[in-house]
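J.: Those protein sequence lines, which keep their order, are chains A and B.
Numbering-wise (my numbering), the first sequence opens with residue 6 and increments by one.
Numbering-wise (my numbering), the second sequence opens with residue 6 and increments by one.
The beta-carbon is built from N, C-alpha and C at its ideal position, and this holds for glycine as well.
From a predicted model like this one, the values you see are computed outputs, not experimental measurements.
The structure is given below, and queries will be raised subsequently.
Protein chains: 2
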Amino acid sequence: MLTERQMLILKAIVDDYVTNAEPVGSRSISKRSNVSYSPATIRNEMSDLEELGFLEKTHSSSGRIPSQKGYRHYVDHLLSPSLVTKKEAENIQEVLEDRFAELEEVVKQSAKVLSDLTSYTSIVLGPEVFESTLKQIQLIPISDNQAVAIIVTDTGHVENQTVYFPHKLSSEELEKVVKILNDRLYGVPLYKLQQALRTEVANVMKKYVDRYDQILEVFKEIFRHHHNDKVYYSGKTNILSQPEFNDVDRVRDILNIFEEDELVSKLFRSEEKGLKIRIGEENRFAPFDDCTVITATYSADGKQLGTVGILGPTRMEYPRVISLMDYLTRDLSRLLSNRYSK
Amino acid sequence: MLTERQMLILKAIVDDYVTNAEPVGSRSISKRSNVSYSPATIRNEMSDLEELGFLEKTHSSSGRIPSQKGYRHYVDHLLSPSLVTKKEAENIQEVLEDRFAELEEVVKQSAKVLSDLTSYTSIVLGPEVFESTLKQIQLIPISDNQAVAIIVTDTGHVENQTVYFPHKLSSEELEKVVKILNDRLYGVPLYKLQQALRTEVANVMKKYVDRYDQILEVFKEIFRHHHNDKVYYSGKTNILSQPEFNDVDRVRDILNIFEEDELVSKLFRSEEKGLKIRIGEENRFAPFDDCTVITATYSADGKQLGTVGILGPTRMEYPRVISLMDYLTRDLSRLLSNRYSK
DNA sequence: TTTAGCACTCAAAGAAACCGAGTGCTAACA
DNA sequence: TGTTAGCACTCGGTTTCTTTGAGTGCTAAA
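So this is what it looks like as structure tokens:
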């Protein structure tokens, strides 16, 4: 629906605004090597583009800036895919190839490398605990009625929690309990543990363990707390360097969000596979009205594990960020797949 | 060395400046009910106090603000201890009395309640792993040459790490190794583990385990990573609400510090027992030149565990913060002592 | 259809004027 | 001798006005 020339101009304006952060005038577009029209012509087109909703003015005689719709069109139809530079690729490889780093560390470092390369804020949602299954459960007594429960998943993820038993348990009893749990719950997805406790464990335990109901209650409690996935941030303050965010009041709202992991997890967790871009109000979250969120998922053996996210101003270097995230998640997935299948 | 009247005036100026964040003039001091001198007299005293280095001017005809030395004198000699209000006490109790929360959670919540009550940034350094001893070590195989190592301390703290063995290990071998480790290393302080590996374990393992040297090497690696104590923050962005920090550039340096846990740990970890106040340049850390750091230690059964810290502007509500921190650390210590001795 | 020309707009930066909170000093007072 | 009233002075902050220049929209010519 836009003419060739309009698209050319829209693209030029977005590109210019992204790098200079200042309203773009007709003259500066006209001077570009790939544009051969006079400022007056450009002005006419700009006027049309504004009428169509792709551009905005900051005041009546100012240059134009892209509107949300303008960015959207740019992202969907205009952006020239950029290649990851050799240096960037090396940076990423360095992090991923550290054979000794554990999964968690790799994920953490991925966040760091992303925020360093883009100078936006990166958020990485750790491997989704939700889908992984129980490998082993351990109970380590700390005192008479206190123990540390340790849950290990098939992905090597460990969770631990201190528990209190309502009555003293001998170590034999404890062993018996743990044995039953491991026998019956091995391979059960974490989110089904509570249920399996009732269907698989209750009857067996009834036979062999005193006051089994109280103990079951304790484990039910333990299995409740496992949906809080880990969130890793990097470059939280990068947004402060963006000229459109050098007002403390506007920034505070955004920075505060990072203090609530559950909220962030909700905002950035991507259900669908692949890369997703939400511009401005598309986030449906007022503090992000001037921000763009790009998320991409990573997986292992086709099983979706987590999400990598970038938060920056709507005036974002889209091509670069997109190619970086694509590269990173692709490689991260490959790495994780290799590790697991071994 | 200061006269009664000078102290009265210095105290009044600090109190005023702390609440209003604006240079204090002679008239406003003179109007205070506990001051019965005319502005002119106050001016003379202020002039003297400035000469002595306790006050400063922002420009030649401005009111006075306390200098770093002024705050120091105030803190050391002038501040009227404030009582923790009923409401504040309740807030703290609520957090501490949650019997079901594990140690880590209590510490985390303590940070939150402190930052909420003070509206400064609170930093709590978790129980020092350093001093605690090994309770149990577990190895849970994930794949042929991969396992999760889990270390539980006497304080119920759990650390875990993924490890890679250079060769395949049968589960019998693994069990043997773990048994030896637990037999020989029980009760050894974490920081001595590496050493004990050589003195206590090496010889025994030599006898019973194939290629024991390679395996020892793996554990040596595991025991290396245990000095990174946990850091809990709350109210990271509170500093943004302070009028003296509404310049983005100044704030960025400070917020960036919070992204490096080791640095923060170094800055806030208090070696000495009790409450400690560092004002402005006393922090010996340029980004904190306009900040005050107050730290207090908490302990269990006399054994020092960690540090609670507050970061705010030098213009801080000293009496309130001090009494709150005193109250919190005292209660936290009592709670932890009770839990452990059970 | 494109472009040159020109009047017009408006934010941003600077300059001038003013305001007022606050000081320092002097002289009078208790 | 210590305290205070009075007054000239200082200087940051605010307001108002001016200037500047990048940019537009419109018109008319190429």
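(1) Using a Cβ-Cβ cut-off of less than 9 Å, list which residues of the stretch 113-143 of chain B approach chain A; keep chain order.
(2) Output the boundary residues of the beta strand (DSSP E) element that contains A/Lys117.
(3) Quick one: give me the first and last residue of the alpha helix (DSSP H) that B/Leu198 is part of.
(4) Just how far apart, CA to CA, sit B/Asn96 and B/Ser87?
(5) Got a sec: is the Cβ-Cβ distance from A/Val206 to anything in chain B below 7 Å?
(6) Is the separation between the beta-carbon of B/Val112 and that of B/Val100 shorter than 7 Å?
(7) List the residues of chain A that B/Ile155 touches, going by C-beta distances under 7 Å, in chain order.
(8) Under the assumption that A/Thr302 contacts A/Gly279 (Cβ atoms under 8 Å), give the Cβ distance between them as a whole number of angstroms.
(9) When you compare each of B/Val298, B/Ala17 and B/Lys281 to B/Val269 by their alpha carbons, which one comes out closest?
(10) Cβ closer than 8 Å: which chain B residues qualify as neighbours of A/Arg257?
(11) Which chain B residues sit within Cβ distance under 8 Å of A/Ile145?
(12) I need the straight-line Cα distance from B/Arg339 to B/Arg257, nearest angstrom please.
(13) Determine the DSSP secondary structure at A/Ser52, reduced to helix, strand or coil.
(14) For B/Lys241, does the three-state DSSP call read helix, strand or coil?
(15) Check whether the stretch 135-151 of chain A and the stretch 151-162 of chain B touch, using three or more Cβ-Cβ pairs below 8 Å as the test.
(16) Using a Cβ-Cβ distance cut-off of 7 Å, determine whether A/Asn261 contacts chain B.
(17) Give me whichever residues DSSP pairs with B/Tyr169 in a beta bridge.
(18) Of the residues B/Thr46, B/Gly30, B/Asp81 and B/Ser38, which one's Cα is nearest the Cα of B/Ser65?
(19) Could you tell me if the beta carbon of A/Asp121 falls within a distance shorter than 6 Å of some heavy atom in the ligand MG?
(20) Could you tell me how far apart the beta carbons of A/Gly314 and A/Thr300 are, in whole angstroms, since I believe they sit closer than 8 Å?
(21) Please tell me whether A/Thr126 and A/Leu260 are closer than 7 Å, where the distance is taken between their beta carbons.
(22) Determine the chain B residues that contact A/Leu108 at a beta-carbon separation under 8 Å, and present them in chain order.
(23) Distance cutoff 7 Å, beta carbons only. Does A/Val40 sit that close to anything in chain B?
(24) Quick one: measure Cβ to Cβ for B/Ile284 and B/Thr319, integer angstroms, because I've assumed they're closer than 8 Å.
(25) Tell me whether B/Thr204 sits in a helix, a strand or coil according to DSSP, three-state version.
(26) Answer with buried or exposed for A/Leu337, where buried requires no fewer than 16 other C-beta atoms within 10 angstroms of its C-beta.
(27) Please say whether B/Lys281 and B/Gly131 have beta carbons closer to each other than 7 Å?
(28) Run the CB neighbour count on B/Gly68, radius 10 Å, all protein chains shown included, and call it buried at 16 or more, exposed below.
(29) Going along chain B, which residues have a C-beta under 9 Å from A/Glu264?
(30) Hey, does A/Asn251 have any beta-carbon neighbour from chain B nearer than 7 Å?
(31) Could you give the first and the last residue of the continuous beta strand (DSSP E) run that contains A/Thr126?
(32) For B/Gly30, does the three-state DSSP call read helix, strand or coil?
(33) What is the residue span of the beta strand (DSSP E) that A/Arg69 lies within?
(34) Excluding the 5 residues flanking B/Ile262 on each side, which residues of the same chain have their C-beta closer than 8 Å to its C-beta?
(35) What number of angstroms, rounded off, separates the C-alpha of A/Arg274 from the C-alpha of B/Pro28?
T.: With the given structure in hand:
(1) From the stretch 113-143 of chain B, only Lys140, Gln141 and Gln143 have a Cβ closer than 9 Å to chain A.
(2) Counted from its first residue, the first sequence places residue 117 of chain A at position 112. From DSSP, A/Lys117 is part of no beta strand (DSSP E) but of the alpha helix (DSSP H) over Leu108 to Thr123.
(3) Working through the second sequence from its first residue, we reach residue 198 of chain B at position 193. Where B/Leu198 is concerned, the enclosing alpha helix (DSSP H) starts and stops at Leu198 to Ala201.
(4) By 1-based counting over the second sequence, the position of residue 96 of chain B is 91. By 1-based counting over the second sequence, the position of residue 87 of chain B is 82. Distance between the alpha carbons of B/Asn96 and B/Ser87: 17 Å.
(5) In the first sequence, residue 206 of chain A corresponds to position 201, counting from 1. So no, A/Val206 is outside the interface.
(6) Within the second sequence, residue 112 of chain B is the residue found at index 107, counting from 1. Within the second sequence, residue 100 of chain B is the residue found at index 95, counting from 1. When the beta-carbon positions are compared, B/Val112 and B/Val100 stay at least 7 Å from each other.
(7) As a first step, residue 155 of chain B is located in the second sequence; it is residue number 150 there, counting from the start. Ile155 and Val163, listed in chain order.
(8) Residue 302 of chain A sits at position 297 when you count from the first residue of the first sequence. Residue 279 of chain A sits at position 274 when you count from the first residue of the first sequence. Confirmed, Cβ separation roughly 6 Å.
(9) Indexing the second sequence from 1 puts residue 269 of chain B at position 264. Nearest C-alpha to B/Val269: B/Val298.
(10) Working through the first sequence from its first residue, we reach residue 257 of chain A at position 252. Those are Thr242, Leu245 and Ser246, listed as they occur along chain B.
(11) The sequence position of residue 145 of chain A within the first sequence is 140, counting from 1. Chain B residues near A/Ile145: Lys140, Gln141, Gln143 and Val157.
(12) Sequence index remark: in the second sequence, residue 339 of chain B carries index 334 (1-based). Sequence index remark: in the second sequence, residue 257 of chain B carries index 252 (1-based). Whole-angstrom Cα-Cα distance: 38 Å.
(13) Residue 52 of chain A sits at position 47 when you count from the first residue of the first sequence. Reduced to three states, the DSSP call for A/Ser52 is helix.
(14) Stepping through the second sequence from its first residue, residue 241 of chain B is reached at position 236. DSSP, read as helix, strand or coil, puts B/Lys241 in helix.
(15) Touching, per the Cβ criterion.
(16) Walking along the first sequence from the start, residue 261 of chain A turns up at place 256. It does; some Cβ of chain B falls within 7 Å.
(17) For this step, residue 169 of chain B is matched to residue 164 along the second sequence. Looking at the DSSP assignment, B/Tyr169 forms a beta bridge with B/Gln151.
(18) As a working mapping, residue 65 of chain B is identified with position 60 in the second sequence. With distances taken between Cα atoms, B/Ser65 lies closest to B/Gly30.
(19) As far as ligands go, the structure on display features none, and thus does not contain the ligand MG.
(20) For the purposes of this step, residue 314 of chain A is taken as residue 309 along the first sequence, with counting starting at 1. For the purposes of this step, residue 300 of chain A is taken as residue 295 along the first sequence, with counting starting at 1. Contact holds; Cβ gap of about 5 Å.
(21) Position 121 of the first sequence, counted from the start, is the residue given in the question as residue 126 of chain A. Position 255 of the first sequence, counted from the start, is the residue given in the question as residue 260 of chain A. In this structure, A/Thr126 lies away from A/Leu260, with their beta-carbon atoms at least 7 Å apart.
(22) As a first step, residue 108 of chain A must be located in the first sequence, where it is residue number 103. For A/Leu108, the C-beta contacts it makes with chain B under 8 Å involve Thr167, in order along the chain.
(23) Counted from its first residue, the first sequence places residue 40 of chain A at position 35. So, not an interface residue.
(24) One-based indexing of the second sequence puts residue 284 of chain B at position 279. One-based indexing of the second sequence puts residue 319 of chain B at position 314. Here B/Ile284 really is in contact with B/Thr319; their C-beta atoms are around 6 Å apart, less than 8 Å.
(25) In the second sequence, counting from the first residue as 1, residue 204 of chain B sits at position 199. Residue state, collapsed to three classes: helix.
(26) Taking the first sequence and counting its residues from 1, the one referred to as residue 337 of chain A is at position 332. Burial call: buried.
(27) Stepping through the second sequence from its first residue, residue 131 of chain B is reached at position 126. Stepping through the second sequence from its first residue, residue 281 of chain B is reached at position 276. No.
(28) Position 63 of the second sequence, counted from the start, is the residue given in the question as residue 68 of chain B. Under this definition B/Gly68 is a buried residue.
(29) Sequence index remark: in the first sequence, residue 264 of chain A carries index 259 (1-based). Listed along the chain, the chain B residues whose CB falls inside 9 Å of the CB of A/Glu264 are Tyr238, Ser239, Gly240, Lys241 and Thr242.
(30) On the first sequence, residue 251 of chain A is found 246 positions in, with the first residue counted as 1. So, interface residue.
(31) As a first step, residue 126 of chain A is located in the first sequence; it is residue number 121 there, counting from the start. Element bounds for A/Thr126: Thr126 to Leu130.
(32) By one-based count along the second sequence, residue 30 of chain B stands at place 25. Coil at B/Gly30, not helix or strand.
(33) Numbered from 1 along the first sequence, position 64 holds the residue referred to as residue 69 of chain A. A/Arg69 -> beta strand (DSSP E) spans Arg69 to Pro71.
(34) As a position in the second sequence, residue 262 of chain B is number 257, starting the count at 1. Correct list, in chain order: Leu268, Val269, Leu272 and Pro292.
(35) As a first step, residue 274 of chain A is located in the first sequence; it is residue number 269 there, counting from the start. As a first step, residue 28 of chain B is located in the second sequence; it is residue number 23 there, counting from the start. Near 48 Å, if we compare the C-alpha coordinates of B/Pro28 and A/Arg274.
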